[in-house]
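*Asks:*
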Amino acid sequence: MYPDPRVVDFVTRHFKPVRVHVKENAADFKRLGERFTAQWTPTTLIVDRTGTERHRIEGFLPAQDFLSQLELGVAKAAFARKDYASAERLYREVLERYPETDAAPEAQYWTGVSKYRATNDAAALKATSEAFRQRYQDSTWAKKASVWG
Amino acid sequence: MAQQIQWGRDFDAALESAGDKLVLLDFSAAPM
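Quick mapping for you: the protein sequence lines, in order, are chains A and B. Everything in the first sequence is counted per our numbering, starting at 1 for the first residue and increasing by one. Everything in the second sequence is counted per our numbering, starting at 1 for the first residue and increasing by one.
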């Protein structure tokens, strides 16, 4: 699974990958499945060093979409540890690298939030709202950003 | 570049040794 070399490279560089198999690792599958409420396969979680889930991918995705979700998860982890400058950069990279994926509008939203958190300048939110009028107008994230102006 | 993902099996050990990395925990039913 995930034979795409870009996925292999990204996973190798950013993650300690662990696989629990429903049959081959039944005890761990049950224990960790209950801990993280994983009720379907494939379910792929991005977990930080505190053991906290930061992102969840449920179901199969083609490589490009899967990669975009992995990168989104890395950005979320940076945001969660309040490294807002890194989070902004990482979200922006998702937006630039995977503009046609479902991850893109979410990344656009959180790019603005990360910039706002880093600078405390509400202009970042207003600019994000304006950006949604140019692209991803029909996304849930555009609705969420609409309140910013 | 690695040819395939080197999946570990021990989540707790991965968490302990993660360092600057995140843990990617994959619940799978795919053929091993």
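All C-beta atoms, glycine included, are put in the ideal place defined by N, C-alpha and C.
(1) Which residues in the same chain have their Cβ closer than 7 Å to the Cβ of A/Tyr91, if we skip the five residues on either side of it in sequence?
(2) Mind checking whether A/Trp40 and A/Glu58 have CB atoms under 7 Å apart?
(3) Give the straight-line distance between the Cα atoms of A/Leu70 and A/Thr128, rounded to the nearest whole angstrom.
(4) Drop a sphere of 10 angstroms on the beta-carbon of A/Glu34, count the other beta-carbons inside from all chains shown, and report buried for 16 or more, exposed for fewer.
(5) Does DSSP classify A/Val18 as helix, strand or coil?
(6) As a quick exercise: from A/Arg13, A/Ala27, A/Pro105, pick the residue whose alpha carbon is nearest that of B/Lys21.
(7) Under 8 Å Cβ-Cβ, which residues of chain B neighbour A/Glu24?
(8) Give a yes or no on whether the C-beta atoms belonging to A/Val18 and B/Ala14 are separated by under 7 Å.
(9) Take A/Pro62 as the anchor and find which of A/Glu88, A/Glu100, A/Asp28, A/Val20 has the nearest alpha-carbon.
(10) Closer than 7 Å, CB to CB, is A/Ile46 near chain B or not?
*Replies:* Considering the structure as presented:
(1) Ala75, Ala107, Trp110, Thr111, Ser114
(2) yes
(3) 23 Å
(4) exposed
(5) strand
(6) A/Arg13
(7) Met32
(8) yes
(9) A/Glu100
(10) yes
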